[in-house]
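K.L.:
In the numbering used here, the protein residues as written are 34 to 141. Using N, Cα and C, we set each Cβ at its ideal position, and we do this for glycine too.
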């Protein structure tokens, strides 16, 4: 655990920023495209919340800005999905411009 404001916290923020996990509509869990529900291109609400909060509490302006950007991406994607479908979805497509729900790995 990095102490807020520490060099380690800033390194974690920068590592996340350059990881390739941050997409148009939020942060994906993995870049693996296996067709399973947790994998690319799906984005999940709990992960967005944990990351936005963690970045906001990093103690660095860079992290705070990235956390706010992540929250805006997620909220915009959900507002678009709600306007398009009239529903909230458990996961969204990380790259879609039209609020497309996520898919794959559904329970049988």
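1) Which residue's Cα is closest to the Cα of residue 61: 103, 91, 47?
2) Around the C-beta of residue 131, are 16 or more other C-beta atoms found within 10 angstroms, so that it is buried, or is it exposed?
3) In the structure shown, what three-state DSSP assignment does residue 46 receive?
4) Verify whether the separation of the beta carbon atoms of residue 73 and residue 84 is less than 7 Å.
5) For residue 66 and residue 137, what's the separation of their Cα atoms in angstroms?
6) Kindly indicate the opening and closing residues of the alpha helix (DSSP H) around residue 81.
7) Expressed to the nearest angstrom, what Euclidean distance is found between the alpha-carbon atoms of residue 34 and residue 122?
8) Among all the DSSP beta bridges, which residues are the ones paired with residue 59?
9) Between residue 88 and residue 109, what straight-line distance do the alpha-carbon atoms span, to the nearest angstrom?
P.N.:
On the basis of the coordinates in this document:
1) Among 103, 91, 47, the Cα nearest to that of residue 61 belongs to 103.
2) Around the CB of residue 131, fewer than 16 other CB atoms lie within 10 Å, so the residue is classed as exposed.
3) Under the three-state reduction of DSSP output, residue 46 falls in the helix class.
4) No.
5) Pairing residue 66 with residue 137, the inter-Cα distance amounts to about 10 Å.
6) If you look at residue 81, you'll find it in the alpha helix (DSSP H) that goes 78-89.
7) For residue 34 and residue 122, the distance between alpha carbons rounds to 32 Å.
8) Residue 59 pairs with 56.
9) Roughly 19 Å separates the two Cα atoms.
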